[in-house]
Amino acid sequence: MTTRSTSVNRRSAIAQHTPMPPQRYQFDYQPLWPYATAEEAAAAQRALREGHQPWRLDAGTVAQMFTRDYLGFQGVDQVVDVVTQGEHAWVSVGFGHPAGAPAIAAVVHLARFSGR
310 MTTRSTSVNR RSAIAQHTPM PPQRYQFDYQ PLWPYATAEE AAAAQRALRE
360 GHQPWRLDAG TVAQMFTRDY LGFQGVDQVV DVVTQGEHAW VSVGFGHPAG
410 APAIAAVVHL ARFSGR
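Per the numbering used here, the sequence shown runs over residues 310 to 425.
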């Protein structure tokens, strides 16, 4: 019993001193738009730091451009609501309704590449 415990302790000590390889960031969603890969997102982040395309920092604008430019829904032209939580945003996009209040056409879920 003592021998087994000692060998387990040695393995634990060795494991504690063995450097772990860096873990690759895992994005749990299928990237779609405006970035198809983590590398594209990283390049855009560098460009943002230099002042290029600041619209990409606004969840409402990104969702509206996705709906209009990627999906082709020109009549869906309003951001009705934005809910953010951590690296996620849920953006309700819609259009003006004759009765007054905007009609919600869809809720777009945005997830940020963080590269942690």
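Cβ atoms here follow ideal geometry from the backbone N, Cα and C, with glycine treated the same way. Just so we're clear, the structure is a prediction, and the values are computed from it rather than from any experiment.
- Cβ neighbours of His418 within its own chain (closer than 6 Å, five residues either side excluded): Trp399.
- In the same chain as Asp367, and ignoring 5 residues on each side of it, no C-beta atom comes closer than 6 Å to its own.
- Around the beta carbon of Thr346, fewer than 16 other beta carbons sit within 10 angstroms, so the residue counts as exposed.
- If you compare the alpha carbons of Gly395, Trp364, Asp390 with that of Gly403, the shortest gap goes to Asp390.
- With respect to the C-alpha of Val388, the residue from Gln394, Thr376, Gly395, Glu396 having the closest C-alpha is Thr376.
- Between Val416 and Ser401, the beta carbon gap of about 5 Å places them in contact (Cβ cut-off 8 Å).
- By the 16-neighbour rule on beta-carbons within 10 angstroms, Ala356 is exposed.
- Residue state for Asp390 is assigned as strand, using DSSP reduced to three classes.
- Pairing Ala353 with Ala408, the inter-Cα distance amounts to about 40 Å.
- DSSP places Phe404 in the strand class (E or B) of the three-state scheme.
- A straight-line Cα-Cα distance of about 16 Å links Arg365 and Val392.
- Residue environment analysis places Ala412 among the exposed positions, since fewer than 16 neighbouring C-beta atoms fall within 10 angstroms of its C-beta.
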